[in-house]
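Protein chains in written order, with the working numbering: chain A, 9 to 225; chain B, 9 to 225; chain C, 9 to 225; chain D, 9 to 225. Note that beta-carbon positions come from the ideal geometry of N, C-alpha and C, so glycine has one too. These numbers come from a predicted model, not from an experiment. Comments concern the structure below.
Number of protein chains: 4
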Amino acid sequence: MRPPPDTLDSSPWMPFETRKRARDEKRVALLRTAVRLFLEEGYHRTPLSKVAERLNITKMALYNYFGSKEEILAELFRLGSEQYEAGFAAVERMQGDGLTKLRHLIRAYVVIVTADFGMCFARIDDRELSEETRLAVRHAKRRYDSAFRTLIREGVEDGSIRPCEPKLAAFIIIGALNGVADWYRADGPLSVETLADEFALRLTEGYAMPQPQRARA
Amino acid sequence: MRPPPDTLDSSPWMPFETRKRARDEKRVALLRTAVRLFLEEGYHRTPLSKVAERLNITKMALYNYFGSKEEILAELFRLGSEQYEAGFAAVERMQGDGLTKLRHLIRAYVVIVTADFGMCFARIDDRELSEETRLAVRHAKRRYDSAFRTLIREGVEDGSIRPCEPKLAAFIIIGALNGVADWYRADGPLSVETLADEFALRLTEGYAMPQPQRARA
Amino acid sequence: MRPPPDTLDSSPWMPFETRKRARDEKRVALLRTAVRLFLEEGYHRTPLSKVAERLNITKMALYNYFGSKEEILAELFRLGSEQYEAGFAAVERMQGDGLTKLRHLIRAYVVIVTADFGMCFARIDDRELSEETRLAVRHAKRRYDSAFRTLIREGVEDGSIRPCEPKLAAFIIIGALNGVADWYRADGPLSVETLADEFALRLTEGYAMPQPQRARA
Amino acid sequence: MRPPPDTLDSSPWMPFETRKRARDEKRVALLRTAVRLFLEEGYHRTPLSKVAERLNITKMALYNYFGSKEEILAELFRLGSEQYEAGFAAVERMQGDGLTKLRHLIRAYVVIVTADFGMCFARIDDRELSEETRLAVRHAKRRYDSAFRTLIREGVEDGSIRPCEPKLAAFIIIGALNGVADWYRADGPLSVETLADEFALRLTEGYAMPQPQRARA
DNA sequence: CATGAATGAGGGTTCATTCAT
DNA sequence: GATGAATGAACCCTCATTCAT
Chain A
9 MRPPPDTLDS SPWMPFETRK RARDEKRVAL LRTAVRLFLE EGYHRTPLSK VAERLNITKM
69 ALYNYFGSKE EILAELFRLG SEQYEAGFAA VERMQGDGLT KLRHLIRAYV VIVTADFGMC
129 FARIDDRELS EETRLAVRHA KRRYDSAFRT LIREGVEDGS IRPCEPKLAA FIIIGALNGV
189 ADWYRADGPL SVETLADEFA LRLTEGYAMP QPQRARA
Chain B
9 MRPPPDTLDS SPWMPFETRK RARDEKRVAL LRTAVRLFLE EGYHRTPLSK VAERLNITKM
69 ALYNYFGSKE EILAELFRLG SEQYEAGFAA VERMQGDGLT KLRHLIRAYV VIVTADFGMC
129 FARIDDRELS EETRLAVRHA KRRYDSAFRT LIREGVEDGS IRPCEPKLAA FIIIGALNGV
189 ADWYRADGPL SVETLADEFA LRLTEGYAMP QPQRARA
Chain C
9 MRPPPDTLDS SPWMPFETRK RARDEKRVAL LRTAVRLFLE EGYHRTPLSK VAERLNITKM
69 ALYNYFGSKE EILAELFRLG SEQYEAGFAA VERMQGDGLT KLRHLIRAYV VIVTADFGMC
129 FARIDDRELS EETRLAVRHA KRRYDSAFRT LIREGVEDGS IRPCEPKLAA FIIIGALNGV
189 ADWYRADGPL SVETLADEFA LRLTEGYAMP QPQRARA
Chain D
9 MRPPPDTLDS SPWMPFETRK RARDEKRVAL LRTAVRLFLE EGYHRTPLSK VAERLNITKM
69 ALYNYFGSKE EILAELFRLG SEQYEAGFAA VERMQGDGLT KLRHLIRAYV VIVTADFGMC
129 FARIDDRELS EETRLAVRHA KRRYDSAFRT LIREGVEDGS IRPCEPKLAA FIIIGALNGV
189 ADWYRADGPL SVETLADEFA LRLTEGYAMP QPQRARA
């Protein structure tokens, strides 16, 4: 907890950086603890005192890092949102036909949605948030709906994806992906990578045995 | 506010049936109102006073029908669960190969999950419930996981479904189906039937354009 | 605490009225207790628990009558304001020259400002109130500034009051009157009536011995 | 952030005086800022953090100058009190009949009560203070009540002031004077001097038009 | 002197629920 | 059955203040 005293003497500016870093680390620890509890117990059933308790501090110490419980949640959503944005941006820079890119997107989504912040973004009810933050979240969600739809449309156009209604297809895929957040356990038998690959394939390939003669519907 | 007292005296047995019926109707009205509010606003953000208000009764009148808020929720889950059970039972009595029955199951699920009680069952966090009720709900959920898996396994065996991991496939399908509860609006452009058909097809057929030469993964 | 039981039997509609009345009485008792404590201890230093304690109920019972602490204060201000309005209206209906009416106004003010609600209105900091209520209070205060100024102006015109700046004169008079709220004790030696008469005279007559030859300023 | 250490070494006594002076200046700045905020916002609604913020220092730095929030307030009262004492002492050294000296006292009071510390003394609720300090404040207030009463009594005796009850007259005058603190704005149209003169005259002269024949009450 | 971090006391408010009619 | 009143358990949050550097 205390930096070795000579550290202070030898480099007089270190303490500041040390402190600053320590603060950031604590802030992050706080967020990680909060997101875990919010996911494990639910936002409403998690009093800040429990978050504090798990961090071995008092409830009030939390207020050094955040102004309110809702602000913590807002930050969690922001972090989650960032992850999706980054993942999506990476996919958008890739080469390939629509189907290939869609599969990359699915993989990215699985990786993110199985991690804490991504899971929080996907699962926690955004109506807990203030109107303003909630709008930002809704906006972000619409943005990735749109990312999926765009790739699907691309795929349809370049022939890699069957003709379909992009909007509905995106809902199906995103729904299945968000479902992961409901049952995925980090300590389970499936690695995230395996899961991501499996989803990328299965969500696009379908389960029906292909039969040239089978008519639609 | 009070019915004239002679009404009760003149037909001494009617009142009982009348009352009984009235009671049941009120009970149902209560549940319908509660489920709507719980879905619209979230369980925690819905005080019983609001439920009562929408029913034009006092908060305390609710306690004539239910012992606690949680008991209301438990009943909602029970009703939702019943719907799934009934839908699944109907499908199980059907003829056809695994794929066909799976599609019927998907159709049934869509119909149920877009209705209030089914949506409640799918969307509201079962951790609000007491341990006992929660276990029952989990049990019911596992039961329909199992229904999906069984049909998928059947389909794989009878050749109507591609070889796959039934557990994961079920998760994907159920995830996508539950996702419907997040965006479906009764007053939207899609009829439930259309949606059900579309899901039955798309969740099994996949989006990738079939290409004989394309290797798996 | 309980009404005699036969009261209920003998007149079946009484209970409702009784209850209604009881409620109003309690509401008033609450307000009287609150205003006393707010005046004795100060608004901020009076937790609702103390108000409740003095009423022999729990803090939460207060919320049956008011939605928040501030709402209680707002109601106290409203009641105070009402008293001034009524007093002023009575004076305005009176006959007489400006000076006479001014003296009546002063008398009325003294009577009101020595009573609980009037004192609350005069002494408690209106910045405790929400913006909206505060504006209403400010409005009321400006209204009685204006009542004083008008009468003074009338008096100047009809020759009963010396030429003077009505605005400043009103400030002086109102200031002196509000000052009463700071030192008046109901159990003190001075009756309100005596005080009112004395103020009506002294605030208008002045203390300087009239000397025809004394030049102004 | 740190001054080079040799600065201290090269002129070992300057720093002390410099520091001492700087310290005093800061202390005064602190008090001036505090009194402004306490007057603008109210004592309870002014957290120390706001005082610090306006001074561009941290909240904790305040504790280098004062041991507690209440101690700051106590000092403000002390400074206010000092002003009144000084003003009153000056008047007491003057020549003239009771009325003349009373008018000087009023003038002095206006000047003081329109300045920050004097206004604080007049307007801020002394119940915020500890028992001990509060008693000192009450004592000071009684002292100037007494100053007014003495002059009034003198005036009555020397014939410059009409026969009256000195206690009540003092209350009226002081009340009117304290009222100034409630509406006076330094940036308003009235200069303090004008105001002081006007008060000195009007508070003693009265508003009623002198009429030899008018009987008292 | 000054700072950031942490703490404890305390208060307002929400809400489910019990009580007494 | 229904109602109004009352209660108690939580919980969020503000803020002055102490601690450790």
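Closer than 8 Å at the C-beta level to chain B, one finds these residues of the segment 32-53 of chain A: Glu49, Gly50, His52 and Arg53. Contact annotation, Ala178/D with Ile160/D: C-beta distance approximately 6 Å; criterion of less than 8 Å satisfied. Between Leu63/D and Ala37/D, the beta carbon gap of about 6 Å places them in contact (Cβ cut-off 8 Å). In this structure, the CA atom of Lys28/C is about 44 Å from the CA atom of Asn186/D.
Contact annotation: in the segment 173-196 of chain C, residues whose CB is within less than 8 Å of a CB in chain D are Glu173, Leu176, Ala177, Phe179, Ile180, Ile181, Ile182, Gly183, Ala184, Leu185, Asn186, Gly187, Val188, Asp190 and Trp191. With respect to the 8 Å criterion, Ser76/D and Lys67/D are not classified as neighbours on the basis of their beta carbons.
Every alpha helix (DSSP H) stretch that sits fully inside the segment 125-197 of chain D and reaches 4 residues is listed by chain position as 139-166 and 174-191. In the three-state scheme derived from DSSP, where H, G and I count as helix and E and B as strand, Ser199/B is classed as coil. Sequence-ordered contacts of the segment 199-214 of chain D with chain C read Leu203, Asp205, Glu206, Phe207, Ala208, Leu209, Arg210, Leu211, Thr212, Glu213 and Gly214 [C-beta pairs closer than 9 Å]. Any Cβ of chain B closer than 8 Å to the Cβ of Arg151/A would place that residue at the interface, and such an atom is absent. Under the three-state reduction of DSSP output, Thr212/C falls in the helix class.
No Cβ of chain D is located within less than 8 Å of the beta carbon of Asp134/C.
Residues of the same chain with a CB within less than 8 Å of the CB of Ile132/D, apart from the 5 flanking positions on each side, are Phe46, Leu47, Tyr51, Leu81, Leu84 and Phe85 in chain order.
When DSSP states are grouped into helix, strand and coil, Gln103/B belongs to the coil group. In this structure Ser168/A is buried. Its beta-carbon is surrounded by 16 or more other beta-carbon atoms within 10 angstroms.
In the DSSP assignment, Arg53/D falls outside any alpha helix (DSSP H) and carries neither an H nor an E.
Taking 8 Å as the cut-off, the beta carbon of Gly126/B is found closer than this to the beta carbon of Gly88/B.
Taking a cut-off of 8 Å on C-beta distances, the segment 134-150 of chain C does not touch the segment 185-205 of chain C, as fewer than three cross pairs fall below it. Check the Cα spacing between Thr141/D and each of Val59/D, Thr54/D and Glu78/D: the tightest is with Glu78/D. Going by beta carbons, Gly106/A and Val164/A fall inside the 8 Å limit. Counting C-beta atoms within 10 angstroms of its own C-beta, Leu113/B has 16 or more neighbours from the protein chains shown and is therefore classed as buried. Looking only at Met102/B, Glu100/B and Gln91/B, the smallest Cα-Cα distance to Val119/B is reached by Gln91/B. By the neighbour-count criterion, in which 16 or more other beta carbons inside 10 Å mark a residue as buried, Leu39/C falls on the buried side. Taking the CA atoms as reference points, Ile181/B sits about 10 Å from Lys175/B. For the options Phe129/C, Ala208/C, Glu206/C and Val121/C, the alpha carbon positioned closest to that of Trp191/C is the one of Val121/C. In this structure, DSSP gives Asn64/D a state outside helix and strand, which the three-state scheme calls coil.
Per the C-alpha coordinates, the member of Arg44/D, Arg35/D and Val188/D positioned closest to Ile65/D is Arg35/D. Residues of the same chain with a CB within less than 6 Å of the CB of Phe207/C, apart from the 5 flanking positions on each side, are Ile114 and Val118 in chain order.
Distance between Leu211/A and Pro171/A, taken at the CA atoms: about 15 Å. For Thr108/A and Thr202/B, the gap between their C-alpha atoms comes out near 29 Å. In this structure, the beta-carbon distance from Ala123/B to Ala98/B does not fall below 8 Å. In this structure Thr41/D is buried. Its beta-carbon is surrounded by 16 or more other beta-carbon atoms within 10 angstroms.
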